[in-house]
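Chemist:
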C-alpha cells in the first residue's frame, strides 16, 4: 500500500520479522497476566545476563514517554526534580509528562545534545551552596539520553564522570536508551551495555525504535527497584494486562543477539547514507555517530527532496537553509539509499 | 509449553489469529506515527459506521486503566469528580489511577455491579441541594461499565434512564466497555452498540480482553473530543509511537464483524459452561448473562479444582464457601469445558 | 455592625483578645521569615512541653484543609492512600484536596462520626489477604478527627486500640484536631493531650476554630517529620512568609494554658445550651460531648429560629424535620444563650 | 527583644499599625466565613474602584506562592503551560509549586528580570510554527512580575506590547504584584494600577510584603474568574475559614490610599539608602527603581557589614565580590539608614 521511501524516523515499520514470528509462535499459550509470565521472566534473565548484572530488576513498559515519567516520578522524593540537558526529550518533546506527575525538569544548557559533566558539577555545587535552596527544587536524579536526541553519544570517560558526580551527591543516574541499540553498535563508541549497567542506577533498553512493535525494558541495576513498582505502573496506566506482548518481544530481541544485529544494520545503513551525503556535498548540522543524521539543506532543494522521499524537518537554520533529520533503521534497504541519492 | 486449562480470565492467550495475521501482512508497510496512519483512520471509520455515528471521533489507547484515567481526567473540570458504583473498576482495581490524575471517584452503592438510576438521581439531587456543596467535589461525569465487573448488563431502559439523568444535569456519561463484545453478544441483552453510541457521551470498545494483543478504542460520540487530545494522551504516557499496532488490530476486528464473532464464541462457551455448572449443582453468586460466571463453591472442592485448572478466587463467601470466577473467551475450547466438568 | 446572635460555627469572630494583644505587642519586632523566628520556636517548645514530648517536631500551617492535605501527601508513599471514616472531613468537605495531591481516601463506614477499631482491623486484614491487592490502593495511613465532624470523641480505649492496630500494620496514625481544644476540655473524655501525643504518629492542634485568627500546629511525635518539610509546605503554597503570624498566636495560646481556657469556655457554654435544649424538649440527632450539638427540629420551628438567630442546617431528617447544628465557642455569651432560648 | 537593624527583606515586621488596628476594631464582630463577609466585599469594591474596573472579580488568598499556583493552575488548560522569564519567581523560588499542580513553567531568558516583548513574540511564533508542537507543552499564559525579582519595572510601552502579543495569541497575561505597591510608587515608572488592570487579564496586589500580616488580592479583570473558584481554592488548601483576616486588612489598605502611602514610604527610604550607597561608592549590580537594591560588595567588607546589620546575600559576583540585596519597607527608619551608613 505505502511505497514511499522514508528516512523520517526509526519507527515507521512494524516489528523485526523474528520478533513478530515469536509472537506468532507463542500466541495460543495460556500465560498469566501483568508481566508475571514465563517470557517476561526469561527476557529479564537474558537482559541481566547481557548486562552482567547479578541482581538487576527488569520491568517492561510500553513506550518511551511512559517509561521516563514512571521511572522519574517513582524514584524522586517529593521535594526533588530531575536534572536534564535543555535539549533532553523529557524537557522538550514529551508534552510535559514529567510535570504531569508533579515533578520539575531542571535544565542545564546541553552541548550537542549532551549534558557536560563540568556543567553538571557546577550546577549541583551551586545549588547546595545556595542559601535559598529550601525554596527551590532539589536535584534528585540526573537524566541523560544515549544516544541523545541529536544522535550523539557519551564517551566512556564522560559517562564515568557523570556517574561519579551522581554518586558524590547521592543522586541516581538514569539513562534513557530509547535508541540504545544504535548507540551500542556505533562505530565510534567505547561504551558497552555492561558499562551502562555498572555506571547507571537505572536505564532502559528501547524496543519501540529498535525492532519491537512496542515496549521498553527498564533495568534497575542496584537492587533499587521502588517497592510495589507494579502498583506504580498500574496507577500511571502503564501496566499491560497481556504483559507477554512486551515480554515475548524482548525475549526474542535478546535471544542470540538479535537486538545488536538490529542496531548494526541501522548503523551500516547510516554509514552508506553518509557516503551519499558526502558525495552530494551536504553539510552536517551535527556530526552524529548513530542512525540519526542532521543535515543543513537549501530550502529549494528541501522542497524537491520532500516530494521524493519522507524526511523530518528539524528546524530553521537561517533564511535560506533548513536543518533536516535523516534516520535509518534495521529496515532501511539499498533501494532506499539509492532513492535518497537520486532525490538529493 | 503451557498445557494448563484456564478459566482464570479472558486475557491469557494472545490475539485472535485473524488479528495477528493482519499485523503480519502490514508489518513492512511504512506508516506515519502516533495514530495518524491509514489503518487507524480506516479502523476509526469502520467503528463509526458500526456505531451509526456521523461525526464520532475515535482515539486508540493501549489498555483499560490508561483509557479510564485519560478520558476521565481530560473531560472533568478542576472542581469535578466522577460518579461510579462502589464496585466500579476505577473505584477499586485500578490502584488509584483516577486519583493519581488529581480527581476523586465519588461512589454510590452498586446493585449487582450496576449503578441504579434511582440512586444516581437521588445522589445528584441531594448534592445540588446541599448548602455546603462548594466545599465538596462536584459530580462532573458518570462512569458505568458494561458488562460490569460482576458480568451483569444494563437493560436498555436502565441505560436510557441514566443517560437522561446525565443530560438533565449536563454531565457526560462514560461507558467502560473493556468487555463490550461479550455484553453485545449476550443472549440476554436488549442493548446494541448503536444504542450505546447514542446514549453515551463517550465510551470505549475493549480490545485487550476481546481478541487483541492490546488496545482500546475510545469513541467520542457528540463532537466532544477534548481539543488536543493527542497531547493529553502524550503527557499521560499513553500515546504509542507505532499507533499502527492498535489501529491495525481494530481494523481487523471491525472488518466483517470479527469483533462480534469473538464475543459470540465466548458467550457460547459460557452457556456450555453453565450447563456443566448446573449439572454439577453449583450455586451462583450472581446470575451473569456474559462470559464471567461467579460461583459459590465449598472450600474443600475449591482445593481440588485449583489443582486441576486455573480459576480466579473472587472473595470469601462464608466460613465454608468461597466465591470463584470462571471466565470464558473466544479461545475457550470444548476440551476446556470437559476438563472443567471433570474437575468439578 | 453585626448584631445577630450566632450559633452557626466556631469561627465567626476574630481571635481571642489575648492572642490579638500578643500580635499587637510583637508587631514591630524584626523577625526572620518562614517560621524560623523566635516565637515559632518558643511556641513549638511550649507545645512539646504540654504534650510531654522530648523530641517532637512542631510545624505551623495556616488552615485545616491545607494541613490535612500537606501532612497526608507528604507522609504517604506513592502506592498508598489514607483510611478514613466515610464522614471524615477529608472524605467529604475538603473539595477533594487529598485527591488533588494524587492520593485516594479509602473510606470505612463510620459510627457517629468515628472509625470503629474493629472495622479498621477487618479492613486492613481483608486488604492484605486480597490476591488483587497489587491493583488496589494500599492503606498507608489512618486518619481520625477528634472531636469528629459530629462532635463525638474517641475514648482512651478506642484510641489505644486504633493506635495498636496501626503499629501492628506499620501504618502511621494521624489525628485531625481542628477542634482539639473542645475535645480536651469535654466533661466526658478520658483522653488528654499527652495520650494523643503518645498514641498518634502525627496530629494537629487546631487554632483557627479555637481562638486564633488562623493557624494549625502540626506535631510529629516520633522523630518522623518528613525531611525538608518546609519545602513540602512551600510547593503546596502552605508556607507563610511571615511565619510569626501563626507562631506568635500559638505562643500566646500555650502561654499559661490559654488554649485550654478557651476550650473550657466553649464547653461551659455548650452545657448551658444543652439545658436550654432540654427545657425546650429538643431531640438530639447525636449525643455530642463537645461544642457542637446536633438537634432534630420541626421544619416550621426551623423557619422561626432562622429568622431570630444564625444556625447551620445540617441535613434533612424526614419530611417534617431537619437536623440543625448549634455551635458554641469561647465567644459565646450568656446573652447568646438567652437569645437561643427565646428563639426556640 | 530584637534590636538588629535589618535590610534583609520587606516582610520582617508585622502589619502596618493602621491595618492591625482595623483587625482590633472588628475582632468581635460575628462574620460569615470563607470570604463571604462584609469586609471582603467592601475591600473588593474598593479595589475595583481604584483599578477603574466595572466588572472586576477580586478573590483573597493568603500568600504569594499559593496565589501564583492557584491562579496558574486554574486558568491553564490541560495541555498548556505558563511562560515566564527564567528569573521569574515561579521558575526558581517557589519549590516547584507550579509543577506540583501538574503544569510546566516554560522559560525565556530574562533581561534584568524582565521578559523582553520581542523574545516573547519570537517564542510564540516559533512554537506555533513547530511541526512537533503536539508533543510539546502549549504556551497558555504569560507570567510577569512587576516589580520583578530584581526590583525592575516594565515601562508602559513594554507592558502594552506584552499585552498585545498575548491578545494576538489568545493567551491570558498574569501579573504577579507581590510588591506591587513599591512598583506603583517608584519615582521612575509610567505604569499605574489602572493600566495594569486594563492590560492584564489577571493580576494580584501583594499584601504580605506591603503592610499586611498576610494576604494577596487576586483581580480578574475581564469577567474571567474561573467558575467555582472558591472550590479551586479549597482543594488547594488556600481557602481561609476566617476570610475576614485578609478582607479586613485589604479594606484598611484601600481605605483612603494607605496602600500607596506604604509604597511611597519604602521608596523614599530606598532613595535615602541610594544616597548612602553613592556616598560609600558602592557599585550597583542592577539599577533598580524600587525598594530592592542589588549592590556588589567586596567580600571583606561583606563580613563586617553582616556583623552590623541584616542583609541578604544574593549571589557570588566573582572571587572577591558578592552581590547583596538591601531592601527597604514602610517600616524602615532614619535610624536604620544611619546604621547602614555606619556599617558600610
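Residue numbers (the numbering used here), protein chains in the order written: chain A, 1 to 344; chain B, 1 to 344; chain C, 1 to 344; chain D, 1 to 344.
The C-beta atom is built at its ideal place from N, Cα and C for all residues, glycine as well.
Fair warning: this is a prediction, and the values are worked out from it, not measured in the lab.
For residue 269/A, collect the residues of the same chain with a Cβ closer than 6 Å to its Cβ; drop the 5 residues on either side in sequence, then sort them by chain order.
Modeler: 328 and 332
Chemist: Would you please verify whether the beta carbon of residue 228/A is less than 8 Å from any beta carbon of chain D?
Modeler: No, residue 228/A lies away from the interface with chain D (no Cβ there is under 8 Å from its Cβ).
Chemist: For the structure I just gave you, are there three or more beta carbon pairs, one from the region 106 to 118 of chain C and one from the region 274 to 291 of chain B, closer than 8 Å?
Modeler: No, the region 106 to 118 of chain C is not in contact with the region 274 to 291 of chain B.
Chemist: Within this structure, are the beta carbons of residue 165/C and residue 116/C separated by less than 8 Å?
Modeler: no
Chemist: Pick helix, strand or coil for residue 23/A, following the three-state DSSP scheme.
Modeler: helix
Chemist: Run through DSSP, which three-state label would residue 118/B get?
Modeler: helix
Chemist: For chain A, is any of its Cβ atoms less than 8 Å away from the one on residue 146/C?
Modeler: Interface residue (Cβ-Cβ distance to chain A less than 8 Å): residue 146/C is not classified as such.
Chemist: Can you tell me whether residue 153/A is helix, strand or coil according to DSSP?
Modeler: coil
Chemist: Excluding the 5 residues flanking residue 1/D on each side, which residues of the same chain have their C-beta closer than 6 Å to its C-beta?
Modeler: Per-residue confidence for residue 1/D stands at a pLDDT of 44, beneath the threshold of 50, marking its modelled position as unreliable; the derived number appears in the next sentence. Excluding residues within five positions, none has a Cβ falling inside 6 Å.
Chemist: Helix, strand or coil for residue 177/B per DSSP?
Modeler: strand
Chemist: Note the first and the last residue of the continuous alpha helix (DSSP H) segment covering residue 197/A.
Modeler: 193 to 199
Chemist: CB residue 215/D to CB residue 60/D, shorter than 8 Å?
Modeler: Contact check for residue 215/D against residue 60/D passes: the beta carbons are separated by less than 8 Å.
Chemist: Would residue 255/C pass as a contact of residue 224/C if the rule is Cβ separation under 8 Å?
Modeler: No, they are not a contact pair.
Chemist: Report all residues from its chain with a CB closer than 6 Å to the CB of residue 86/D; omit the five preceding and five following residues, and keep chain order.
Modeler: 107, 109 and 110
Chemist: For residue 235/C versus residue 97/D, is the C-beta spacing smaller than 8 Å?
Modeler: yes
Chemist: Can you look up residue 1/B in the DSSP assignment and give me helix, strand or coil?
Modeler: Confidence at residue 1/B is low in this model, with a pLDDT of 44, below 50, so its placement is unreliable and no value can be given for it.
Chemist: Measure the beta-carbon distance from residue 309/B to residue 340/B and round it to whole angstroms, keeping in mind my assumption that it falls under 8 Å.
Modeler: Taking a contact as a CB-CB distance under 8 Å, the pair residue 309/B and residue 340/B counts as one, their CB atoms being some 6 Å apart.
Chemist: Between the region 185 to 205 of chain D and the region 26 to 40 of chain D, are three or more C-beta pairs nearer than 8 Å?
Modeler: no
Chemist: Are the beta-carbon atoms of residue 174/B and residue 70/B separated by less than 8 Å?
Modeler: no
Chemist: Considering residue 65/D, what are the terminal residues of the alpha helix (DSSP H) in which it resides?
Modeler: Where residue 65/D is concerned, the enclosing alpha helix (DSSP H) starts and stops at 64 to 75.
Chemist: Beta-carbon within less than 7 Å of residue 77/C's beta-carbon, same chain only, minus the 5 sequence neighbours each way: which residues are those?
Modeler: 140
Chemist: Could you tell me which chain G residues have their CB closer than 9 Å to the CB of residue 209/B, listed as they occur along the chain?
Modeler: The chain labelled as chain G is not found among the protein chains of the depicted structure, namely A, B, C and D.
Chemist: Counting Cβ pairs, one atom from each stretch, are 3 or more of them under 8 Å apart for the region 315 to 326 of chain A and the region 293 to 304 of chain B?
Modeler: no
Chemist: Classify residue 227/B: buried if its beta carbon has 16 or more other beta carbons within 10 angstroms, exposed otherwise.
Modeler: Flag for residue 227/B reads exposed.
Chemist: Could you say if the region 238 to 250 of chain C and the region 144 to 163 of chain C meet the contact criterion of at least three C-beta pairs nearer than 8 Å?
Modeler: no
Chemist: Examine chain D for any beta-carbon lying closer than 8 Å to the beta-carbon of residue 303/A, and answer yes or no.
Modeler: No, residue 303/A does not count as interfacial toward chain D.
Chemist: Could you tell me whether the region 26 to 33 of chain D touches the region 241 to 248 of chain D, using the rule of 3 or more Cβ pairs below 8 Å?
Modeler: yes
Chemist: Assuming contact is defined by CB atoms lying nearer than 8 Å, are residue 81/A and residue 127/A in contact in what I supplied?
Modeler: no
Chemist: Measure from the alpha carbon of residue 14/A to the alpha carbon of each residue in 20/B, 188/B and 10/B, then state which is nearest.
Modeler: Of the candidates 20/B, 188/B and 10/B, 20/B places its Cα closest to the Cα of residue 14/A.
Chemist: Can you name the residues of chain B whose CB is closer than 9 Å to the CB of residue 79/C?
Modeler: 95 and 96
Chemist: What first and last residue would you give for the beta strand (DSSP E) that runs through residue 85/A?
Modeler: Per DSSP, residue 85/A belongs to the beta strand (DSSP E) from 80 to 85.
Chemist: What's the gap between the Cα of residue 143/B and the Cα of residue 84/B?
Modeler: 5 Å
Chemist: Please confirm whether residue 196/B and residue 16/B have their CB atoms less than 8 Å apart.
Modeler: no
Chemist: Which residues, in order along the region 98 to 112 of chain B, keep a beta-carbon less than 7 Å from a beta-carbon of chain C?
Modeler: 99, 100, 102, 103 and 104
Chemist: Residue 232/B versus chain D: which residues are under 9 Å apart at the beta carbon?
Modeler: Counting only Cβ-Cβ distances below 9 Å, residue 232/B has contacts in chain D at 78 and 79, in chain order.
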